[in-house]
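In what follows, a single structure is set out as structure tokens and then discussed.
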């Protein structure tokens with residue numbers, strides 16, 4: 001049984017991490033998942049959960065996951081935007097939970113976008 | 126949509142957009158295997174004219190395009206099982222959406238990952254609204270209230286990955302004995 005006491009422990013650990021994060025606010029990375037009807041039907045929820053899971057496993061304290069509505073390219077859903085500080089936004093299309101590991105490892109951790117998953121690569125096809 | 130939990134996620138997003146402060150998500154199954162889904166919010170509500178429009182796939186409040194498929198898709202999947210949907214709404218008070226489905230029908234979608242639905246709603250909207258999940262079956266009942274989690278966290282955001290992982294497990298653990306073997 002999950003207990004509220006565990007939440008207290010999580011709270012303490014998180015507060016320590018947040019202090020690290022505050023020191024350099026413009027280092028924060030944002031992952032934004034499209035979660036309108038089209039995104040959800042195409043499988044956006046498992047993609048979002050995979051990002052949360054991967055970020056949790058790697059204890060990446062400077063990454064936040066959020067959502068957006070439909071941006072009008074429903075055929076490319078599930079879509080994910082990744083914002084690195086000081087860099088242009090990168091849009092990934094046709095995302096799956098299996099692709100998330102590479103995006104986190106190569107792009108979010110090491111700063112190299114996974115070009116083959118991006119909207120640019122999809123449009124060239 | 127592949128399962129009911131995805132419909133619930135989609136419809137609860139409407140409540141978020143209606144600037145609700147509390148969204149109640151109810152899933153109950155009775156002895157005759159009738160599933161009742163409820164999504165009730167205290168958001169801005171809809172007038173009669175808009176209420177009539179959202180039932181149609183060509184009704185939406187968005188200005189970017191002319192279709193809104195969330196409610197019509199849910200209605201279609203409910204009616205395929207011999208069930209139906211109903212929406213009650215009052216401007217300034219909120220909206221209550223209900224769907225009934227016959228779980229015995231071959232066309233009834235599986236419940237899916239309800240915990241995943243609640244956690245993705247919470248992590249995507251950490252500032253609120255709060256969500257109250259209430260589930261019941263002949264085997265038992267459970268509630269999960271994000272207001273309690275918010276209070277226990279005392280200022281730590283609900284979209285911290287570790288908090289999300291905790292909520293996911295906490296909800297799954299409670300759902301299994303209620304819906305396991307019934308509609309899971």
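Residue numbers (the numbering used here), protein chains in the order written: chain A, 1 to 125; chain B, 126 to 309. Yeah, the Cβ is synthetic: ideal placement off N, Cα and C, and Gly gets one too.
Contact list for residue i against chain B, beta-carbon separation under 9 Å
i, result
"residue 41 of chain A", "126, 127, 131, 135, 194 and 198"
"residue 115 of chain A", "Going along chain B, no residue has its Cβ under 9 Å from residue 115 of chain A, so there is no contact; the nearest lies around 26 Å."
Proximal residues of chain B, C-beta to C-beta of residue i below 7 Å
i, result
"residue 67 of chain A", "249"
"residue 30 of chain A", "Under the 7 Å cutoff, chain B gives no residues; its nearest Cβ is about 11 Å from residue 30 of chain A."
is_contact[residue i, chain B] using C-beta, thresh 7 Å
i, result
"residue 112 of chain A", "no"
"residue 14 of chain A", "yes"
"residue 108 of chain A", "no"
"residue 10 of chain A", "yes"
"residue 45 of chain A", "yes"
Unbroken beta strand (DSSP E) run spanning residue i, endpoints
i, result
"residue 30 of chain A", "29-34"
"residue 211 of chain B", "209-215"
"residue 161 of chain B", "159-166"
"residue 154 of chain B", "147-154"
Contact with chain A by residue i, beta-carbon distance below 7 Å
i, result
"residue 241 of chain B", "yes"
"residue 245 of chain B", "yes"
Run of the alpha helix (DSSP H) containing residue i, from where it starts to where it stops
i, result
"residue 3 of chain A", "Taken as a continuous stretch (DSSP letters only), residue 3 of chain A belongs to no alpha helix (DSSP H), as it is neither H nor E."
"residue 138 of chain B", "129-142"
"residue 119 of chain A", "119-124"
"residue 60 of chain A", "No alpha helix (DSSP H) holds residue 60 of chain A; DSSP gives it neither H nor E."
"residue 200 of chain B", "195-205"
"residue 37 of chain A", "37-42"
"residue 178 of chain B", "173-179"
Partner residues on chain B for residue i, Cβ-Cβ distance less than 8 Å
i, result
"residue 55 of chain A", "286"
"residue 7 of chain A", "274, 277, 278, 288 and 291"
"residue 96 of chain A", "In chain order: nothing, as chain B lies at least about 14 Å away."
Residues that residue i contacts on chain A, provided the C-beta gap is smaller than 7 Å
i, result
"residue 213 of chain B", "Under the 7 Å cutoff, chain A gives no residues; its nearest Cβ is about 22 Å from residue 213 of chain B."
"residue 138 of chain B", "35"
What residues in the stretch 263-294 of chain B bring their beta carbon closer than 9 Å to a beta carbon of chain A? 273, 274, 277, 278, 279, 280, 281, 282, 284, 285, 286, 287, 288, 289, 290, 291, 292, 293 and 294
Where in the stretch 245-289 of chain B do unbroken runs of the beta strand (DSSP E), each at least 3 residues long, occur, reported from the N-terminal end onward? 255-262 and 265-270
Interfacial residues, the stretch 69-90 of chain A to chain B, with Cβ spacing under 7 Å: 72
Ignoring anything shorter than 4 residues, give me the alpha helix (DSSP H) runs that lie fully in the stretch 75-104 of chain A, in order along the chain. 97-102
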